[in-house]
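A.B. asks: To start, I am sharing the structure in question, which I have written as structure tokens.
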Amino acid sequence: NIHILRPSLSISGDGRYIVFSAQSGEGDQIYLFDTRRNRVIKRIGFDVDAIYTPAISSDGRRIAFVGLKEGHSDIYLYEWRNNEMFKLTDDPWDDRDPVFDDKGNIVFVSDRVPDDSTDAVKYGTYAVFKLNLESKEIVRVTDYYSELSQPQPQGDTLLYFIARDRYSALNLFVEDLKNGSVYRITDFPTELKWYTVSKTGKVIASILFGNGYDIYEVRNLLRIEDSTSYAFDSFEDTMKVALKKYAPKFSLDWIYGSASYATISGFEGTVAFGISDELGDHQIQFTTDLSGDILNSNFELDYFDLKGRTDRGFSFYQLWDAGYISYDTVLVSRTLGLMLMQIHPLSRNRRFELGLSIENETNYYFWETPLGNFIELTDLQKNRLLTGLYGAHVFDNVYYNYIQDPIKGVRYYVGLFRTIPFDVDLGIFVADFRHYLAFSEDYLIASRLKFMNSFGRDRYYFTFDGITDLRGVEFADYIGNKYLVFNTEFRFPFVKRLSLGFPLPIDISGIGGVLFFDGGLCTYKDYSEIQPFDPFPKLKDLKADFGYGLRMWLGFAKLKVDFAYNTDFERLYKPAKINVSLGFDY
1497 NIHILRPSLS
1507 ISGDGRYIVF
1517 SAQSGEGDQI
1527 YLFDTRRNRV
1537 IKRIGFDVDA
1547 IYTPAISSDG
1557 RRIAFVGLKE
1567 GHSDIYLYEW
1577 RNNEMFKLTD
1587 DPWDDRDPVF
1597 DDKGNIVFVS
1607 DRVPDDSTDA
1617 VKYGTYAVFK
1627 LNLESKEIVR
1637 VTDYYSELSQ
1647 PQPQGDTLLY
1657 FIARDRYSAL
1667 NLFVEDLKNG
1677 SVYRITDFPT
1687 ELKWYTVSKT
1697 GKVIASILFG
1707 NGYDIYEVRN
1717 LLRIEDSTSY
1727 AFDSFEDTMK
1737 VALKKYAPKF
1747 SLDWIYGSAS
1757 YATISGFEGT
1767 VAFGISDELG
1777 DHQIQFTTDL
1787 SGDILNSNFE
1797 LDYFDLKGRT
1807 DRGFSFYQLW
1817 DAGYISYDTV
1827 LVSRTLGLML
1837 MQIHPLSRNR
1847 RFELGLSIEN
1857 ETNYYFWETP
1867 LGNFIELTDL
1877 QKNRLLTGLY
1887 GAHVFDNVYY
1897 NYIQDPIKGV
1907 RYYVGLFRTI
1917 PFDVDLGIFV
1927 ADFRHYLAFS
1937 EDYLIASRLK
1947 FMNSFGRDRY
1957 YFTFDGITDL
1967 RGVEFADYIG
1977 NKYLVFNTEF
1987 RFPFVKRLSL
1997 GFPLPIDISG
2007 IGGVLFFDGG
2017 LCTYKDYSEI
2027 QPFDPFPKLK
2037 DLKADFGYGL
2047 RMWLGFAKLK
2057 VDFAYNTDFE
2067 RLYKPAKINV
2077 SLGFDY
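Going by our numbering, the sequence shown wraps up at 2082, each residue one higher than the last.
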């Protein structure tokens, strides 16, 4: 993918080579295209976070580009025939748009202020600089502008660039390098976006005008009248700002609330908010489903330090969980934990996660009487300490619509948690793969394959909830340390708009429909003992259902009604199980 906001295309002097940057796989690369062979002859990747605006020299041997590394934007030089790279600038200044002049030196845009400068400079403004490749000396060529980009030298006499002055929008300027005079040579009320200058001085430019960008030829540039001379902006009462150490100041970024409902658990609500500092180096998030008091609620407090490529932080949380461990015994578990985490992104879609957790788990046991009452078995209550390592690989390139429904793409999660054996011996492996095939924004096929396995002396128990996984079964019908579920459904608009005039004038719109199939198993059996069929195609340990459902967006959550029919591929079991819930689709 070529960078949309900072695109570039550079051609060598003889027109043979074209160079540009684009994202490829895990990061940015520079592409070298040979017009004689009509193909890309070289793809070059570097140890930087992003690559912008590469420019090729007139002889086609060297490439200058902007490399972004750990927040620093610097100029790099690459000699592609010798496979040698040089870092030309290494400082906190923002360097942009490097190009070669006729002598092979590099002209670029920067907000740098030379150490020996006595001029009053408004911070955040940019000027054009020249870097001599032999002496490594950097000299300022133009004055500072609030916006400046795309310098293009024309011999030893002229320097073109796009800038904004106090009188106009972004227009094309030219500086006479002999006497330092600057002229604005276009006067568009909108903006000039890109341009190129031929050796004869003709200018072709892309200009926003008439509801879009059009290509214009700017003529009569060889004769520049003195009356068009540009008056420099002046900054009154401006003095250099003394540098001081950055102190984070936090503010609220966002707040979010959601509601959900399931026939087995009733209504639930969640509130979350996030705060960060001005530079975005520190991020804090808090999520809770506060019910009554904080001690009896789920909550999670996260902090991350985002300054480097690797994010580091911690999560402090309390989680309540409940489930049947036998037909008349319920286990209620309270987990209070702290996890130290590192997240290392390989690209914008792929990352690795690593964590160390310390958890205190309290288990409460309840006996369900034949009348449906619950009695706590206090003698069985126990506490245990879990210390474990966590690692995961995550990929996600999914696109969402305006109500956060996934539309197309792939995402998967593969993770492993293993306790460091003290008094608890527990391991949990989770693999979750989801794929979304969109025919349009409204019609798509969504598929999910999820596998979980708990092992060790104190292995964990899973079950189907009957709402979000196997929709045809009841909660806790199947319990085990091995869990597998496959879901696929066709999502489509069921009622786009329905207008009734009698007996009441009612407009109904936005009702979606789904056709779904679910399959899976949850068991204690060893893998060698699992019998999926009895015999094929009749299901045995595998369970399956299919059906249809309706979806309606309520403004804060999605109302979901599903009608699921159990089947063993030989018989269809009626009546349908009806699930009513609030939430979101997987």
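Note that CB positions come from ideal geometry on N, CA and C, so glycine has one too.
Which residue comes first and which comes last in the beta strand (DSSP E) that contains Q1650?
C.D. replies: Element bounds for Q1650: 1644-1650.
A.B. asks: Alpha carbon to alpha carbon, how far is L1867 from I2074?
C.D. replies: Whole-angstrom Cα-Cα distance: 25 Å.
A.B. asks: Are the region 1812-1827 and the region 1836-1853 in contact at 8 Å, needing three or more beta carbon pairs?
C.D. replies: Judged by Cβ distances under 8 Å, the region 1812-1827 makes no contact with the region 1836-1853, as fewer than three pairs qualify.
A.B. asks: Let's see if you can read the secondary structure: which residues bound the beta strand (DSSP E) around W2049?
C.D. replies: Unbroken beta strand (DSSP E) run through W2049: 2039-2049.
A.B. asks: Would you grab the beta carbon distance between D1652 and L1673 for me? Rounded to a whole angstrom, and I think it's under 8 Å.
C.D. replies: Yes, they are in contact, since the Cβ atoms of D1652 and L1673 sit about 6 Å apart, within 8 Å.
A.B. asks: Would you mind stating whether F1990 and I1975 have Cβ atoms separated by less than 8 Å?
C.D. replies: No, these two residues do not count as a Cβ contact at 8 Å.
A.B. asks: State buried or exposed for V1670, treating a residue as buried only when at least 16 other CB atoms are found within 10 Å of its CB.
C.D. replies: So V1670 counts as buried.
A.B. asks: Is there contact here, the region 1871-1882 with the region 1890-1907, by at least three beta-carbon pairs under 8 Å?
C.D. replies: No, they do not touch.
A.B. asks: Take G1809 as the anchor and find which of D1801, E1864, L1815 has the nearest alpha-carbon.
C.D. replies: Measuring from the Cα of G1809, the nearest candidate turns out to be D1801.
A.B. asks: Give me the residue from I1559, L1966, R1914 with the minimum Cα distance to A2060.
C.D. replies: Taking only the C-alpha atoms, the option nearest A2060 is L1966.
A.B. asks: Can you say whether E1633 is buried or exposed, counting buried as having 16 or more other CB atoms within 10 angstroms of its CB?
C.D. replies: With fewer than 16 Cβ atoms within 10 Å of its Cβ, E1633 is classed as exposed.
A.B. asks: In angstroms, rounded to a whole number, what distance separates the CA positions of W1816 and I1498?
C.D. replies: Each residue's alpha carbon lies about 46 Å from the other.
A.B. asks: How would you label I2112, buried or exposed, when you count the other beta carbons within 10 angstroms and need 16 or more for buried?
C.D. replies: Outside the displayed span of the chain (1497 to 2082) sits residue 2112, for which this structure offers no information.
A.B. asks: Since F1596 and A1560 are thought to touch, with beta carbons under 8 Å apart, how far apart are those beta carbons, to the nearest angstrom?
C.D. replies: Contact flag correct, Cβ pair sits at about 7 Å.
A.B. asks: Using 8 Å as the Cβ pair cut-off and three pairs as the minimum, do the region 1896-1908 and the region 1930-1937 touch?
C.D. replies: Judged by Cβ distances under 8 Å, the region 1896-1908 makes contact with the region 1930-1937, as three or more pairs qualify.
A.B. asks: With DSSP run on the structure shown, which of helix, strand or coil describes D1919?
C.D. replies: Coil at D1919, not helix or strand.
A.B. asks: Exposed or buried, what is A1743 when buried is set at 16 or more other beta-carbons lying within 10 Å of its beta-carbon?
C.D. replies: Its Cβ having fewer than 16 others within 10 Å, A1743 is exposed.
A.B. asks: Quick check on T1874: does DSSP put it in helix, strand or coil?
C.D. replies: Three-state DSSP puts T1874 in a helix.
A.B. asks: By DSSP, does Y2023 sit in helix, in strand, or in coil?
C.D. replies: Here Y2023 sits in helix by DSSP.
A.B. asks: Count the other CB atoms, across all protein chains shown, that sit within 10 Å of the CB of S1995; report buried if there are 16 or more and exposed otherwise.
C.D. replies: Classification for S1995: exposed.
A.B. asks: Looking at the strands, I want to know which residues DSSP matches up with G1905.
C.D. replies: Paired residues: Y1932.
A.B. asks: Comparing alpha-carbon positions, which option in D1530, D2058, N1977 lies nearest K1538?
C.D. replies: Per the Cα distances, D1530.
A.B. asks: Quick check: what's the CA-CA separation for E1721 versus M1581?
C.D. replies: Caution applies to E1721, whose pLDDT of 46 falls short of 50 and renders its modelled position unreliable; the value that the coordinates give is listed next. Answer to the nearest angstrom: the Cα atoms are 43 Å apart.
A.B. asks: Which residues does DSSP pair with P2028 in a beta bridge?
C.D. replies: DSSP, once it has assigned bridges, lists no residue as partnering P2028.
A.B. asks: With a floor of 3 residues, list each beta strand (DSSP E) that falls wholly inside the region 1517-1567, ordered by position along the chain.
C.D. replies: Fully enclosed beta strand (DSSP E) runs of 3 or longer: 1523-1530, 1535-1541, 1546-1552, 1558-1565.
A.B. asks: In whole angstroms, give me the CA-to-CA distance for A1888 and K1946.
C.D. replies: Distance between the alpha carbons of A1888 and K1946: 15 Å.
A.B. asks: Can the beta-carbon of G1770 be found closer than 8 Å to that of Q1779?
C.D. replies: Yes, the pair counts as a contact, with Cβ atoms nearer than the cut-off.
A.B. asks: Y1548 and R1502 - do their beta-carbons sit closer together than 8 Å?
C.D. replies: Taking 8 Å as the Cβ cut-off, R1502 and Y1548 qualify as a contacting pair.
A.B. asks: Would you mind working out which of Q1648, P1685, Q1646, I1681 sits nearest S1664, comparing C-alpha positions?
C.D. replies: The shortest Cα separation from S1664 among Q1648, P1685, Q1646, I1681 belongs to P1685.
A.B. asks: Cutting at 8 Å between CB atoms, please list the residues of its own chain near Y1641, excluding the five before and the five after it.
C.D. replies: Closer than 8 Å at the Cβ level, and outside the excluded window around Y1641, lie T1621, Y1622, A1623, A1659, R1660, D1661, D1729.
A.B. asks: With DSSP as the reference, please indicate the residues paired to D1678 in a beta bridge.
C.D. replies: Reading off the sequence shown, one finds Val at residue 1678, where the question assumed Asp. Paired residue(s): E1671.
A.B. asks: Using the C-alpha atoms, what's the distance from Y1572 back to D1545?
C.D. replies: If I take the Cα positions, the gap works out to 13 Å.
A.B. asks: For I1963, does the three-state DSSP call read helix, strand or coil?
C.D. replies: In this structure, I1963 counts as coil in the three-state DSSP scheme.
A.B. asks: Comparing the CB of D1661 with every heavy atom of the ligand MG, is any distance shorter than 7 Å?
C.D. replies: The ligand MG is not part of this structure, which contains no ligands at all.
A.B. asks: Can you name the start and end residues of the beta strand (DSSP E) that S1508 belongs to?
C.D. replies: Taken as a continuous stretch (DSSP letters only), S1508 belongs to no beta strand (DSSP E), as it is neither H nor E.
A.B. asks: Start and end of the beta strand (DSSP E) containing N2075?
C.D. replies: Note, N2075: beta strand (DSSP E), 2068-2079.
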